[in-house]
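Counting from 1 along the sequence shown, just add 22 to a position and that's the residue number in the working numbering. Have a look at the structure below, then the notes.
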Amino acid sequence: MAGVLVLLMYAALFAAPLWAIAVVVKLVSVVLPGRRPDWGRDLSCWCAGMAAAGAVITYAFGVGGIQWDVSEAKSGAGSLPAAPCRSLPPGVLDQVAGHEPSYVPLGFDCLLTDGSVVAGDGDSYTLLNTMVAAFALAAVLALIAVGCLDEYRARTGRREGEGGGGEGSVEGESTGGLSA
Numbered sequence: 023m024a025g026v027l028v029l030l031m032y033a034a035l036f037a038a039p040l041w042a043i044a045v046v047v048k049l050v051s052v053v054l055p056g057r058r059p060d061w062g063r064d065l066s067c068w069c070a071g072m073a074a075a076g077a078v079i080t081y082a083f084g085v086g087g088i089q090w091d092v093s094e095a096k097s098g099a100g101s102l103p104a105a106p107c108r109s110l111p112p113g114v115l116d117q118v119a120g121h122e123p124s125y126v127p128l129g130f131d132c133l134l135t136d137g138s139v140v141a142g143d144g145d146s147y148t149l150l151n152t153m154v155a156a157f158a159l160a161a162v163l164a165l166i167a168v169g170c171l172d173e174y175r176a177r178t179g180r181r182e183g184e185g186g187g188g189e190g191s192v193e194g195e196s197t198g199g200l201s202a
């Protein structure tokens with residue numbers, strides 16, 4: 023299982039530049055003239071998908087990094103304390119008795135001899151968790167925007183269809199009956 027998660031991290035490492043290139047190409051295509059009339063809806067759907075992909079890629083980075091640290095802590099001389107725990111202050115570092123990885127939310131906890139738990143290398147995992155949450159929120163908001171846009175178009179289309187047809191038939195009846 024550990025190898026699979028690290029391979030997933032490498033796949034995300036390969037996918038991230040492709041994701042960035044796709045985002046830049048799409049932004050350029052939006053700026054250039056010659057867009058389709060429904061480009062706003064398509065762009066919102068595309069943004070939702072790319073934000074979801076960004077969340078998955080970022081999460082894969084984090085999971086792979088955690089699994090890498092767990093694997094490193096289990097093998098070789100100098101493997102203890104685990105690498106994320108080595109950033110702790112010297113007084114706390116002397117009390118490290120073990121480690122505990124966390125996959126949801128991403129994190130790496132250092133277990134101390136007195137039974138307490140301290141977050142190891144917390145800044146990088148906090149950043150990854152924030153990025154995953156931001157991408158996921160952006161994906162959800164883009165999907166909500168697509169739904170609102172569809173609902174707005176459906177309502178305005180119905181009003182135009184009802185109002186235009188009703189007025190046209192009244193005009194047609196008044197002129198058609200008198201002139202014939």
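Every residue gets a Cβ at the ideal spot worked out from N, C-alpha and C, and that includes glycine. These figures come from a predicted structure and were not determined experimentally.
Under the three-state DSSP convention, the category residue i falls into
| i | result |
| --- | --- |
| residue 104 | coil |
| residue 129 | strand |
| residue 199 | With a pLDDT of only 45 at residue 199, under the threshold of 50, the placement of this residue in the model should not be trusted, and no figure is reported. |
| residue 40 | helix |
| residue 120 | strand |
Cβ-Cβ distance between residue i and residue j below 9 Å
| i | j | result |
| --- | --- | --- |
| residue 117 | residue 143 | no |
| residue 74 | residue 130 | no |
| residue 114 | residue 139 | no |
| residue 82 | residue 95 | no |
| residue 86 | residue 30 | yes |
| residue 28 | residue 93 | yes |
Residue i: first and last residue of the uninterrupted alpha helix (DSSP H) it sits in
| i | result |
| --- | --- |
| residue 65 | 61–95 |
| residue 112 | 112–115 |
Residue i Cβ short of 8 Å to the ligand ATP heavy atom set
| i | result |
| --- | --- |
| residue 106 | The ligand ATP is absent from the structure shown, which contains no ligands of any kind. |
Of the residues the options, the one placed nearest residue i, counting alpha carbons only
| i | options | result |
| --- | --- | --- |
| residue 52 | 40, 69 and 39 | 69 |
| residue 163 | 67, 124, 90 and 35 | 67 |
| residue 72 | 62, 63 and 44 | 44 |
| residue 32 | 165, 84 and 169 | 84 |
Proximal residues to residue i (C-beta, below 8 Å), its chain only, five neighbours per side dropped
| i | result |
| --- | --- |
| residue 62 | 171 |
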